[in-house]
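Protein chains in written order, with this note's numbering: chain C, 11 to 389; chain X, 31 to 316.
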């Protein structure tokens, strides 16, 4: 789960990391009022869950509160990469000497947290990583020991941070690790971490990603969820515990198991079709889940055919077939359905579905071909 | 021979009295005689499977009474890290965690601890292991695979069943099938298992089933290119997956342009691996 900048920085601040004075506003009037409180000269920052806000014109400097109101009006009317701007963060403007990149994230390969830091922080960090990888410092942390002061000093040395800032930087690094650990973040990023003209370290921007598997013990963070970036069908699917991702094609997919679901999409594409979604109905594929999944797939008007691909291992195919029939009875879909059942009791399951006028297939390749044909006829 | 589990495995089941635990214990015990008992704290002294298998309060007690050498975990995600550590502390050398949804930072701490103890963990979020005809340690259906000389390793569940089933239909059997799981931080990776297969006398060929996310397939390609003598065929799921979206498995995500199927296929082909266009094609590539 992604957090907004203002949410991330609020968490940073709770853990003692210095952030600029500022507040979030939903209207231009609020923006003006906050700018007045902060003395007029502020930065107006769109709060959307995509990168590249600045380059899209979603971050602007205002010299006074009137300008802040105008800019907030402009920015609140924007869409950035398809997402509406519903809130702007109004931060006091900082006088900056240097921009540093500083983050803690999961290193999948090393199976432990890693600090990533660079003296060349700011909006072009990805370009730096690409063109001058030697300017990016990486230091691993043993998750049983956590952040140690010497590790933070090693990082400070590696990015040539002047000695006068080591003390503050060490404290900040320890605090950011606490943020990462206590919030179950998979990324806690400060970019840029700035040295201001009055010689202070300030987290000017913040970004956090939270491990979905840990949300059960992060009730406060779970409340912060912004669903603007999710399709309505994805939000609906979440309610039923279905793993669903909307895509642009016209062949709906219902599959048990995530790997097989991805594969079914790939094989549809291999035979010239385009999948309309990723969907894992889970191991049991009960009739309730199948019905919910069918309703969700059918809310997409692009869908011209549905492919069911069920591997019956522990689950029996005849049981799944009954589930599908019950769901069809309830949802009454009007588009062709291609079903492939393999494994335990597949023959019985296929017979049940053939009698219900569904197109059956033996192999995955065959099922994909038949659903591509069915979708073409449906146009 | 086979890898990790065989007919001499002595298996404990953590969470044996739970719904999932009991169901799969029944299946595993019906496949072969390897289950020696189970653990549910607070239910020590009870028996399951018509009095055939004893239940213990702790892994330590269970290990002392049964001399078990492996333990499989079927407890809910929030209790799974503790279950893994308990098994490791009791001296169990092979731990298989089926549970899906374990928090990533918990797994990193668990991994750091297990690495010091030299304990082998398979999973979490995996279907477990199957040595056809000898031992079923997990949830892979026993009837879809036959004994043979092909080692199978995979990050997936039902996709693996699909491949085992396609192999069986061609009369091709498996030495051992290892499901390493779909999480970003797990106990055993592709390279570990490829090395086991390379050293296993019964395994002559290997099938590796990967998917988008991370870089373990690329590392495996490096191992295959430099160290492996046995032929490897592969399939990579997620060629049509959009970037930035988690495709069901916690680890199946393309991040910052890295972890794409195209990159993995390229790395594997460069290592001499034949990569199938769809899973049913894999067994025909040897």
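Even glycine gets a Cβ: it sits at the ideal position worked out from N, Cα and C.
Cα-Cα separation between residue i and residue j, rounded to whole angstroms
i	j	result
residue 204(C)	residue 187(X)	47 Å
residue 302(C)	residue 107(X)	25 Å
residue 57(X)	residue 60(C)	47 Å
residue 377(C)	residue 222(C)	33 Å
residue 157(C)	residue 206(C)	25 Å
residue 353(C)	residue 123(X)	33 Å
residue 371(C)	residue 291(X)	27 Å
residue 274(X)	residue 129(X)	24 Å
residue 75(X)	residue 55(X)	17 Å
residue 186(C)	residue 18(C)	11 Å
residue 146(X)	residue 99(X)	19 Å
residue 262(X)	residue 158(X)	21 Å
residue 174(X)	residue 243(C)	35 Å
residue 88(X)	residue 299(C)	36 Å
residue 250(C)	residue 264(C)	14 Å
residue 49(C)	residue 79(C)	14 Å
residue 360(C)	residue 346(C)	16 Å
residue 264(X)	residue 248(X)	12 Å
The beta strand (DSSP E) enclosing residue i, as first and last residue numbers
i	result
residue 56(C)	52-56
residue 260(C)	No beta strand (DSSP E) holds residue 260(C); DSSP gives it neither H nor E.
residue 88(X)	Here residue 88(X) belongs to no beta strand (DSSP E), and DSSP marks it neither H nor E.
residue 179(X)	177-184
residue 194(X)	First-last for residue 194(X): 188-199, but that is the alpha helix (DSSP H), not the beta strand (DSSP E).
residue 219(C)	217-220
residue 150(C)	147-150
residue 341(C)	Taken as a continuous stretch (DSSP letters only), residue 341(C) belongs to no beta strand (DSSP E), being part of the alpha helix (DSSP H) at 327-341.
residue 34(X)	Here residue 34(X) belongs to no beta strand (DSSP E), and DSSP marks it neither H nor E.
Assumed close pair residue i, residue j - CB separation to whole angstroms, cut-off 8 Å
i	j	result
residue 134(X)	residue 84(X)	Between residue 84(X) and residue 134(X) the Cβ distance is about 35 Å, and since that is not below 8 Å, they are no contact.
residue 168(X)	residue 126(X)	6 Å
residue 254(C)	residue 382(C)	The pair is not a contact, with the Cβ atoms about 21 Å apart (cut-off 8 Å).
residue 72(C)	residue 81(C)	5 Å
residue 165(C)	residue 183(C)	7 Å
residue 260(X)	residue 227(X)	7 Å
residue 268(C)	residue 308(X)	In fact, because the Cβ distance is near 17 Å, the residues do not count as touching under 8 Å.
residue 46(X)	residue 66(X)	So it is not a contact: roughly 11 Å between Cβ atoms.
residue 288(X)	residue 268(X)	No, residue 288(X) and residue 268(X) are not in contact; Cβ-Cβ is about 13 Å, not under 8 Å.
Residues that DSSP places opposite residue i in a beta bridge
i	result
residue 101(C)	32(C) and 53(C)
residue 117(C)	122(C)
residue 348(C)	317(C) and 369(C)
residue 70(C)	54(C)
residue 77(X)	84(X)
residue 254(C)	289(C)
residue 184(C)	BP columns for residue 184(C) are empty, so no partner.
Local conformation of residue i per DSSP, three classes
i	result
residue 112(C)	strand
residue 286(C)	coil
residue 60(X)	helix
residue 70(X)	coil
residue 127(X)	strand
residue 291(C)	coil
residue 319(C)	strand
residue 372(C)	coil
residue 353(C)	strand
residue 303(C)	helix
residue 268(C)	helix
residue 43(C)	helix
residue 313(C)	coil
residue 159(X)	strand
residue 44(X)	strand
residue 170(X)	coil
residue 102(X)	strand
residue 128(C)	strand
residue 251(X)	helix
residue 305(X)	strand
residue 164(X)	coil
residue 273(X)	coil
Start and end residues, alpha helix (DSSP H) containing residue i
i	result
residue 206(X)	Where residue 206(X) is concerned, there is no enclosing alpha helix (DSSP H), although the beta strand (DSSP E) it sits in stretches over 204-209.
residue 201(C)	No alpha helix (DSSP H) holds residue 201(C); the beta strand (DSSP E) holding it covers 195-206.
residue 246(C)	242-249
residue 139(X)	134-147
residue 19(C)	15-24
residue 266(X)	No alpha helix (DSSP H) contains residue 266(X), which is instead part of the beta strand (DSSP E) from 262-267.
residue 138(C)	135-141
residue 150(X)	Run containing residue 150(X): none in the alpha helix (DSSP H); it sits in the beta strand (DSSP E), 150-152.
CB contact check: residue i to chain B, cutoff 8 Å
i	result
residue 257(C)	You won't find chain B in this structure, because its protein chains are C and X.
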